[in-house]
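Before any comments, here is the structure.
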DNA sequence: GATTCTACATAGAGAAACTAGGTATTGCCA
DNA sequence: TGGCAATACCTAGTTTCTCTATGTAGAATC
């Protein structure tokens with residue numbers, strides 16, 4: 003987050019759920035994917051991502067499964083759960099409400 | 003903030019600068035004004051507002067001036083400074099950048 | 001006379017993100 | 001083959017925000 007990184011706060015979980023709502027992903031992949039999809043804007047730090055993934059798993063919103071590659075390496079793929087999907091929908095709604103309220107203040111309609 | 007209150011983080015300063023960029027305001031008025039303009043969405047707590055105002059003043063973005071009412075009561079009006087105006091413009095830009103990036107993830111264009 | 005509204009303030013708790021460090025494997029290049 | 005970059009995971013400690021809870025005090029209302 004080059005500038006205005008404080009804006010991240012409160013949105014990390016939504017972004018992660020959103021990605022995993024589309025397909026299971028592992029940590030390193032998530033970092034790369036978020037950077038790519040946001041055209042370089044989101045550059046998650048590991049100290050942000052991994053604790054967030056563990057938090058989401060503890061909350062039952064995602065579930066991690068170790069997968070052994072033919073190379074012998076281990077990757078931990080996270081899958082979204084039903085509860086996670088429901089939370090994703092909820093969070094998307096909250097984000098839209100928040101956006102609406104912000105726009106009322108930040109770009110007040112003349113009148 | 004009824005739900006999704008974490009979304010506030012990092013945006014309090016922008017909202018405050020935005021209001022004071024239009025006219026000087028005092029604390030209690032800011033709380034009421036934000037609630038009114040956001041159609042009830044923003045309900046700032048005092049424990050959020052006053053520390054934020056002091057933070058902005060320490061940073062030289064706003065300046066508080068006590069004003070004595072005819073009733074004998076004191077109100078502390080905060081005025082935005084030149085530095086505050088510059089920061090407001092900057093923060094608005096950061097907000098738009100953030101919004102753009104969020105939309106790329108949250109509502110990915112099919113393709 | 002009591003409660004509510006106006007108006008300011010802070011201390012402490014909790015949560016979230018970052019800094020900075022650690023481990024280990026793989027692949028590349030000189 | 002020796003070193004470096006990339007891949008891939010992790011956490012302890014710090015900082016920063018926001019909220020909870022509380023305090024003070026005058027004005028208005030009931």
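Chains as they are written, first to last, in the working numbering: chain A, 3 to 113; chain B, 3 to 113. The C-beta atom is built at its ideal place from N, Cα and C for all residues, glycine as well.
Checklist entry - In whole angstroms, what is the alpha-carbon distance linking residue 15 of chain A and residue 75 of chain B? => result 46 Å
Checklist entry - If the cut is a Cβ gap below 7 Å, which residues of chain B does residue 40 of chain A touch? => result 103, 106 and 107
Next on the checklist: Excluding the 5 residues flanking residue 4 of chain B on each side, which residues of the same chain have their C-beta closer than 6 Å to its C-beta?
Outcome noted: Because residue 4 of chain B sits at a pLDDT of 33, beneath the cut-off of 50, its placement in the model cannot be relied upon, and the following sentence gives the value as read from the coordinates. Around residue 4 of chain B: no qualifying Cβ.
Checklist entry - Thinking C-alpha only, which one of B:81, B:104 and B:41 is nearest residue 25 of chain B? => result The residue with the shortest Cα to Cα distance from residue 25 of chain B is B:81.
Item to check | DSSP-derived helix/strand/coil call for residue 109 of chain A | outcome: coil
Item to check | Own chain, CB closer than 7 Å to residue 87 of chain B, minus 5 neighbours either side, in chain order | outcome: 23
Checklist entry - How is residue 29 of chain A classed by DSSP in three states: helix, strand or coil? => result helix
Checklist entry - Are any of the Cβ atoms in chain B nearer than 9 Å to that of residue 86 of chain A? => result no
Item to check | Nearest residue (CA-CA) to residue 62 of chain A, options A:105, A:44, A:98 and A:89 | outcome: A:89
Next on the checklist: The beta strand (DSSP E) that contains residue 70 of chain A, what's its start and end?
Outcome noted: It spans 64-70 - the beta strand (DSSP E) in which residue 70 of chain A sits, taken as one unbroken run.
Checklist entry - Is the stretch 96-103 of chain B close to the stretch 26-38 of chain B, with three or more CB pairs under 8 Å? => result no
Checklist entry - What is the residue span of the alpha helix (DSSP H) that residue 1 of chain A lies within? => result Residue numbering for chain A in the displayed model covers 3 to 113; residue 1 of chain A lies beyond these limits and cannot be assessed.
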